[in-house]
Amino acid sequence: MVSANTLQLMATPTPCRDVTSWNLTDKCEFVRMAPSCQPNMGYVNYLQLMYCMLGPENVTYTVGLSVVWLLLLFVALGVTSGDFLTPALFVISKTLHMSQNVAGVTLLAFGNGSPDIFASLAGR
C-alpha cells in the first residue's frame, strides 16, 4: 500500500536535502521516489547506498566505506596517468623536439583544458 508520505512526495517537488527531515523508516522511500535524489550522472547512487542498503543508522560505516572508495579511485587515477599519460607525453615531446619542462607546461595545460574547449565547440 502506498503511504501518505509517498503520495505527498509525488504531489509536490521536494529538494533532496529534505531527506534529513523525514523519519528513519521513510528516508529510503523518499530517496527512491524524489526526482531530485536521482543521480544525473555516475554509476553509484550514494543516497540509496546510505539510506536503503546500509541504513541511516550506519552513517559512520557508510562514510568510512565512501572514503576508502575515494582513495581507491585516486590510486586508480594515479596508476592510469602514470602508465598511459606520461609515456605518451614523453613521445610527443621527443617528436616535437621539446624539452620535458616545456612539454609538461604546454601539453599538460592543453590536455587539462581540452574537455572544456571541445564541450564548448560541441555545444554550438
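In full-length UniProt numbering, the protein residues as written are 1 to 124. Note that the Cβ used here is the ideal one computed from N, Cα and C, for glycine as well. Small disclaimer: the values here were computed from a predicted structure and weren't measured.
Item	Value
Three-state class that DSSP yields for residue 69 in the structure shown	helix
Residue 51 beta carbon less than 8 angstroms from that of residue 31	yes
Nonlocal neighbours in the same chain, by C-beta distance under 7 angstroms from residue 28, ignoring five residues either side	51, 52
Candidates 95, 89, 97, 98: closest to residue 112 by CA position	89
Buried versus exposed, by CB contacts within 10 Å (16 or more), residue 73	exposed
7 angstroms CB neighbourhood of residue 121 in its chain, flanking five on each side removed	none
Closest residue to residue 15 among 37, 24, 23, 26 (Cα-Cα distance)	37
Rounded C-alpha distance that separates residue 35 from residue 65	25 angstroms
CA-to-CA distance, residue 13 to residue 93, given in whole angstroms	54 angstroms
Distance between residue 49 and residue 55 (C-alpha atoms, nearest Å)	8 angstroms
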